[in-house]
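One structure is given below, encoded as structure tokens.
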Amino acid sequence: MGTGASKAQSAQKENVVDNEEKATVIQNCSASTLPDNTSIRQQIVQSNPEDEEISEDIEQMVTITQKVPKPQQTRAEISLETEDVSVTFESFQHQSGALYTCFTQNGVRMYFDDEKGIVPFPQELYNQGKFLDPYDESGSIHDDIRQDSNENPSHLENNRTNSICIPGKGMVMTYIFEERINVCKYYDNDSDAWLILPLLWEMNLDFILHRVQQVKEALPAITDFKEILAALRLCNYDPDEVISTFFAMFGDSLQSNINGQQNFEPIALQREISKKDKKIEVLNKKLQESESELETLRLKCKYFEEEKRHLIQQAESLYEKVAELQNEQAKYLHEISEIKCKNTQITDKLQNYSPLNKGLLIKMLRDAHELSISNNKLRVLATSGLSEIGLSMEHVRSMTMSLRSSTKEIEEIRSLYQRETMERKLLYNQLQELRGNIRVFCRCRLDDKKGEHLEFLSDEDIAVNCNSSKKRFRYDQVFLPQCTQEDVFEGTLPIIRSCVDGYNVCILAYGQTGSGKTYTMMGTEQKPGVNIRSIRELLHICHERERVKYVIRISMLEIYNEGVWDLLSHDGNKQLEIRSHGKVVTLPGLTEMEVLNEEDIKRIMSFGEKNRTVASTKMNTESSRSHLIVIFTLNGVDTISGIASSSTLTLCDLAGSERISKTEAIGQRLVEAAAINKSLTALGQVFTALKTNSLHVPYRNSKLTHLLQPSLSGQAKACVFVNISPDVKDLGETLSSLQFGSSIQQIALGKPNPQSSNIKLGH
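Under the numbering used here, the sequence shown is numbered contiguously, ending at residue 766.
Structure, rendered in structure tokens:
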């Protein structure tokens, strides 16, 4: 027999589902045309599994509530009209107990056979059974259920047994059977498990689409594809069993529901509320994830804004081209209209000419033809110009998409590189502080005529090409010629801040004359150097620490021709004597001035600068002929604990190291150069002795090294700026300065102790 036939036991078996699923099946038996496979797939792909599905379900519920049943139609025969097709469904009961589901289409009664498909209903079966009206049989079925319940009370006592009132069938008995069914699952790589495939995802399978279409063709009144898929799951994905189940459950009520919708709004609303609550939870989780991604998107926006600005500029350029082409097109169209007008006038004149002007007429026709060709060419040019603009815009869009795809990778690589660089520098600085090494920075003077002999390999490496060979030097930091005064000061900022913590700090600038030492240490009024910025930072930190009362004093002195001179003395330059008590060095009579703000510092340092000795040499028109030393004394008292701290910040601008043969110094300049070279040589001897851990360090070979003894004997944090010239003619002095800085970088002075002051300034 055909699959439309259903045994009584099979029909009862298919009706046994839980209350929620029964409500679902009954609700969606609405009369409308179900779309084909393509429309179903498009509906699933285009709909949002969360937001759009909610709106579609709500619209479907509103549509159901707005439909009004037509009382004129009978319960036995209700026509299903989809476009120009009329279909009527009926149920035929055979004498053997088999139930056939038939439908009448265009006056011909048909039914579904397993082997032949949809065929006409056989004439010989009319006398072997009868057609049923489900509304007439609902009462008898209810009575049979009651009779069976009276005859078999023990069976009804089972908790699997129940009953339900189905529209069009009345009260029917239900029973929960234990069966094994097929379940469609998918493998989830994240959880490493097989998970049940959701309804909306399952509808994308060709296997499911084929069965849904088969049920839809047999039951056009069932419009909800999710209801059909739910029934397929219960029927072990057997479409024939689903068709039989629906006909066995509802019979002709499938047809009556076309114009008489059942009222399932309470059940539908309850189910929709449950679905909406779950979707609200999912949306809340997505909201939290979106907030976490918001910060990442903001970072991307910065790059995208820059790219957008660039694209806007390109778009504006293209828009200008479009405007020009449009203007040209309007111009050409105007010319064409004028030509057509002239052509019309000429044609009118030709009509008035006599046959004797035939030659002139032919010439004018040729001119008109040429004008027409020119018109077509102009149209082609305008069209091609617009197409080129369209291609350019498409190219800009593709470039934008490619740039966006690479933005994430670039940001990740940049973040990793910056983090690795910061960690490496932090560990290196900690190691240098534990070892007490002298921090060495290299700075190259800015010069547009710089040769190719200098190579800045990284932030820490510099190479010099000399005699077909390359010498490489590494320092704590290498500043490019383009680096600003702010960049240079940032490198010394951690050392200067430690001065407030009670450490003695010494910063020196070393290099040949004209290499930018004084600019680095003193700077200009618009671009102050390390000296002004250091005391500015000290004042800022002292103001932040409100519970500690600080007193800052400044003194300035110079070492000229092996003599120590006080630059802040109001009685003129006063020569001072250096006195030593063990490792403690004092300068009796040195002038100290208290500073409260940055204006005091600028005023005092400007006064001291005027007393400094400078002179013109062949190497530098304003060469410093002395060593300038600025000393800041910082005394602090904690108002709560009463602990007192004392520290000094010594800033030293050394005179330029130079060869006497190059400077062409004579007379007094020659004496000054000899004294400068002597003190710098003594400084190099001190560094050499410290590097080799010599028992005797010749601090007293010069006034410079004698005065800097506390700063170079492990009682202070020291930092040296090696200033070099980018000029090729200074290659020898550049190599000498770089080698000097490389050698002192390896000196380990030992870890300094805080809250100690080794330079006692007398009065």
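Virtual Cβ for every residue (Gly too), placed ideally from N, Cα, C.
heavy atom of the ligand ATP below 6 Å from residue i C-beta
i, result
"residue 291", "You won't find the ligand ATP in this model; it holds no ligand whatsoever."
For residue i, three-class secondary structure by DSSP
i, result
"residue 563", "strand"
"residue 199", "strand"
"residue 713", "helix"
"residue 749", "coil"
"residue 609", "helix"
"residue 485", "coil"
"residue 235", "helix"
"residue 480", "strand"
"residue 206", "coil"
"residue 591", "coil"
"residue 115", "strand"
"residue 744", "helix"
"residue 157", "Summary for residue 157: the model assigns pLDDT 40, below 50, so the residue's position carries little reliability, and this model does not support an answer."
"residue 303", "helix"
"residue 466", "strand"
"residue 754", "coil"
"residue 325", "helix"
"residue 680", "helix"
"residue 388", "helix"
"residue 778", "Outside the displayed span of the chain (4 to 766) sits residue 778, for which this structure offers no information."
"residue 578", "strand"
"residue 630", "strand"
"residue 227", "coil"
"residue 615", "coil"
"residue 548", "coil"
"residue 584", "strand"
"residue 176", "strand"
Classification of residue i by the beta-carbon crowding that lies within 10 angstroms, buried from 16 upward
i, result
"residue 480", "buried"
"residue 197", "exposed"
"residue 749", "exposed"
"residue 733", "buried"
"residue 210", "exposed"
"residue 225", "buried"
"residue 243", "buried"
"residue 41", "Because the pLDDT of residue 41 is 43, which lies under 50, any placement of that residue in the model is unreliable, and the number read from its coordinates should be weighed accordingly. Residue 41 comes out exposed."
"residue 176", "buried"
"residue 151", "Since pLDDT at residue 151 reaches only 47, below the 50 mark, its modelled position is unreliable, and the value read off the structure follows with that caveat. With fewer than 16 Cβ atoms within 10 Å of its Cβ, residue 151 is classed as exposed."
"residue 322", "exposed"
"residue 451", "exposed"
"residue 630", "buried"
"residue 247", "buried"
"residue 201", "exposed"
"residue 230", "buried"
When the options are compared against residue i, the one with the closest alpha-carbon
i, options, result
"residue 694", "723, 660, 729, 747", "747"
"residue 310", "399, 294, 376", "399"
"residue 677", "565, 753, 602", "565"
"residue 500", "252, 279, 650", "650"
"residue 371", "340, 388, 394", "340"
"residue 112", "119, 102, 94", "94"
"residue 187", "219, 233, 222, 216", "233"
"residue 550", "300, 647, 593", "647"
"residue 657", "101, 491, 708", "708"
"residue 593", "349, 382, 490, 574", "574"
"residue 415", "346, 303, 352, 361", "303"
"residue 204", "189, 238, 214", "189"
"residue 754", "714, 724, 741, 735", "714"
"residue 184", "216, 230, 235, 195", "235"
"residue 580", "571, 587, 567, 572", "567"
"residue 533", "590, 595, 458, 632", "632"
"residue 3", "331, 394, 711, 337", "Missing from the structure shown is residue 3; the chain here goes from 4 to 766 and no further."
"residue 489", "523, 514, 476", "523"
"residue 334", "556, 484, 384, 347", "384"
"residue 404", "465, 342, 307, 376", "307"
"residue 607", "297, 401, 558", "558"
Supposed close pair residue i, residue j - CB separation, criterion 8 Å
i, j, result
"residue 445", "residue 482", "7 Å"
"residue 519", "residue 448", "4 Å"
"residue 517", "residue 728", "6 Å"
Three-pair Cβ contact test at 8 Å for the region 678 to 687 versus the region 703 to 716: yes
Given 8 Å, three or more beta-carbon pairs between the region 601 to 618 and the region 723 to 741: no
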